[in-house]
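If you number the sequence shown the way my numbering does, the last residue is 803 and the count never jumps. Ideal Cβ placement from N, Cα and C applies to all residues, glycine included. As the structure is a computational prediction, the values presented were derived from the model and not from experiment.
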Amino acid sequence: MLVFSGGIHESNLPTKSLGKNVSHRFFKFVGCCLLSVVALQGFLGCRSIKQQKFGNTSPLTVLEKAPTQTELEVIFIRIPPRDQESTNVLWQEVDELAIDAKFRRELHKNGFRVGIVGTQSSGEIQKILQSAHRAGKGNFAMEKIGNLQSTHAISRKVFLQPGQQSELLASSIQKKFQMLEMQDGQLVGQTLNDGQAQFILEVLEGKDEHVVLRLTPEVHFGEFHNEYVPGEGMFRLDTSREKKRLARLQVDADLHRGQILIVGPRADQTGSLGHRFFNEQAADKSISKIMMIRICEIPADEITEATESDKLE
Numbered sequence: 491m492l493v494f495s496g497g498i499h500e501s502n503l504p505t506k507s508l509g510k511n512v513s514h515r516f517f518k519f520v521g522c523c524l525l526s527v528v529a530l531q532g533f534l535g536c537r538s539i540k541q542q543k544f545g546n547t548s549p550l551t552v553l554e555k556a557p558t559q560t561e562l563e564v565i566f567i568r569i570p571p572r573d574q575e576s577t578n579v580l581w582q583e584v585d586e587l588a589i590d591a592k593f594r595r596e597l598h599k600n601g602f603r604v605g606i607v608g609t610q611s612s613g614e615i616q617k618i619l620q621s622a623h624r625a626g627k628g629n630f631a632m633e634k635i636g637n638l639q640s641t642h643a644i645s646r647k648v649f650l651q652p653g654q655q656s657e658l659l660a661s662s663i664q665k666k667f668q669m670l671e672m673q674d675g676q677l678v679g680q681t682l683n684d685g686q687a688q689f690i691l692e693v694l695e696g697k698d699e700h701v702v703l704r705l706t707p708e709v710h711f712g713e714f715h716n717e718y719v720p721g722e723g724m725f726r727l728d729t730s731r732e733k734k735r736l737a738r739l740q741v742d743a744d745l746h747r748g749q750i751l752i753v754g755p756r757a758d759q760t761g762s763l764g765h766r767f768f769n770e771q772a773a774d775k776s777i778s779k780i781m782m783i784r785i786c787e788i789p790a791d792e793i794t795e796a797t798e799s800d801k802l803e
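Listed below in C-alpha cells is the structure:
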C-alpha cells in the first residue's frame, strides 16, 4: 500500500532530485564549452580557409636545363606596316655575310634574309630583346597579339642536346598555302591545303665555347592522322600531318654565347616563300615577322667530352 504525503510520493523524491542535478551539470558543461569556443574565436579571429590558386601559372614543375644541353632563346617579333622603317634599321645591325654564301644565296632567291648579330648589339636589337622579356613567354598567335599598330615581341626558352630537334611554328594554319619556289632558276608553284610554316631547329656538335645551329624550313599540310612510330624499346602513337621539308633551304650557323641568328622576309619579294613564312593577314593588315635565336648557354667542353666518352664505352 502506497502512502501519499502532500500529494508527493516519497519514493520519487531521491530520483527527481538526482535528475535535476544531472541536467544542471550537463547544461553547465555545455555552456562552458560554448563560452570557450566564443572566447577562442575572439582571440584568434574568424577567417575562411584559403584555397590554393594557380592563376596563370602552371602547377607543373618548371623544366630545368641539363648540363649537356644548350640553352636557346627563341624570339618572334611582329612588325606592323608603319614600323617598317625600324626593320631597315634593325637589319643594319645584322651581319649577313657571316652566313656561308651557299646557304644565303638559296634563301635570298626564295625571299628570306638571314644573318648574325654580335654580342655587343645596340639600338633596335636591344629594344626588341627588352620588349620580349617584358612580354614574357608564349606562342606566337595572330589572334592574341593585341594592338596591331605597335611592334610586339614574345620569347620562349628551348633546351637541346646535340643532335636533338625542336619544331618552331612560324605561321598560323593558312587554308590555301601558296608555295612559290625558285628551283634551278625556274619558278615552281603549288598550293597546299591547310598549310603551316615551321622551322626545324637542331643543335649540332660544337667545341671551344661555340655551337652550330641548323635551321630547316618545312611546311605541314593536310589532315591530321595517327601512326605508330618506333621509340625507345617500344612503339608510340604519333599524331601528325604531311610534311614538305625544304632541305635545300637549310642554314648552318656557327655561333658563340650571346650571339643571335636572325631570319626574316625580304621586303622586295611579296608572295615568295619567305613572305609566306613571315607575313600574315590580321584585321585587313599585313603583319611582318622576324625570328631571332639567341645562344644563352653552351655546355662546358669537359662535360661534352665526358658525354662523348660515355657513348664510346
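inquiry  = With a threshold of 6 angstroms on Cβ separation, who are the neighbours of E695 within its own chain once the five nearest residues in sequence on each side are excluded?
reply    = Taking the sequence shown and counting its residues from 1, one reaches residue 695 at position 205. Its chain contains P652 as the residues whose beta carbon lies nearer than 6 angstroms to that of E695, once the 5 sequence neighbours on both sides are disregarded; these appear in chain order.
ask   = Run through DSSP, which three-state label would E583 get?
value = Walking along the sequence shown from the start, residue 583 turns up at place 93. In this structure, E583 counts as coil in the three-state DSSP scheme.
ask   = Going straight from the alpha carbon of R601 to that of S762, what length do you get?
value = As a first step, residue 601 is located in the sequence shown; it is residue number 111 there, counting from the start. As a first step, residue 762 is located in the sequence shown; it is residue number 272 there, counting from the start. A small fix is needed here, since residue 601 is Gly in this sequence, not Arg. Spanning the two alpha carbons is a distance of roughly 5 angstroms.
query = On the three-state DSSP scale, how would you describe I883?
reply = The structure shown does not extend to residue 883, since the chain is modelled only from 491 through 803, so no value can be given for it.
At least 3 beta-carbon pairs within less than 8 angstroms: the segment 763-771 vs the segment 555-564 = No, because fewer than three Cβ pairs between the segment 763-771 and the segment 555-564 fall closer than 8 angstroms, the two stretches do not touch.
ask   = Quick one: what's got a C-beta closer than 8 angstroms to E713's C-beta in the same chain, skipping five residues either side?
value = In the sequence shown, residue 713 corresponds to position 223, counting from 1. Hits under 8 angstroms: D684, R731.
request  = State the Cα-Cα distance for the pair R646 and S612, rounded to the nearest angstrom.
outcome  = Looking up residue 646 in the sequence shown gives position 156. Looking up residue 612 in the sequence shown gives position 122. Roughly 21 angstroms separates the two Cα atoms.
task = With a threshold of 16 other CB atoms inside 10 Å of the CB of L739, please say whether the residue is buried or exposed.
result = If you number the sequence shown from 1, residue 739 lands on position 249. By the neighbour-count rule (16 or more Cβ atoms within 10 Å), L739 is buried.
ask   = What's the gap between the Cα of V481 and the Cα of I644?
value = This structure does not reach residue 481, given that the chain is present from 491 up to 803, and the question cannot be answered.
key: Proximity winner among L597, D758, L705, relative to Q654 (alpha-carbon distances)   = Against the sequence shown, residue 654 aligns to sequence position 164. Per the Cα distances, L705.
query = In or out: K599 buried (at least 16 other Cβ within 10 Å) or exposed?
reply = Position 109 of the sequence shown, counted from the start, is the residue given in the question as residue 599. Classification of K599: buried, given that the 10 Å Cβ count is 16 or more.
message = Checking the sheet assignment: what are the DSSP bridge partners for R704?
response = Residue numbering aside, residue 704 sits at position 214 when the sequence shown is read from its first letter. Answer by DSSP bridge pairing, in chain order: E692, D742.
ask   = Would the beta-carbon of L562 fall within 8 angstroms of that of R747?
value = Start at 1 with the first residue of the sequence shown, and residue 562 comes out as number 72. Start at 1 with the first residue of the sequence shown, and residue 747 comes out as number 257. If you check the CB distance, L562 and R747 do not come in under 8 angstroms.
Proximity winner among E787, M782, I788, N716, relative to I565 (alpha-carbon distances) = The residue you call residue 565 lines up with position 75 of the sequence shown. Checked all of E787, M782, I788, N716; the closest Cα to I565 is M782.
query = L597 to V693, Cα distance in whole Å?
reply = Residue 597 sits at position 107 when you count from the first residue of the sequence shown. Residue 693 sits at position 203 when you count from the first residue of the sequence shown. Between L597 and V693, the C-alpha separation is close to 20 angstroms.
inquiry  = Report the CB separation of A743 from L703 in whole angstroms; it is logged as a contact under 8 angstroms.
reply    = Here residue 743 corresponds to residue number 253 of the sequence shown, with the count starting at 1. Here residue 703 corresponds to residue number 213 of the sequence shown, with the count starting at 1. Contact holds; Cβ gap of about 5 angstroms.
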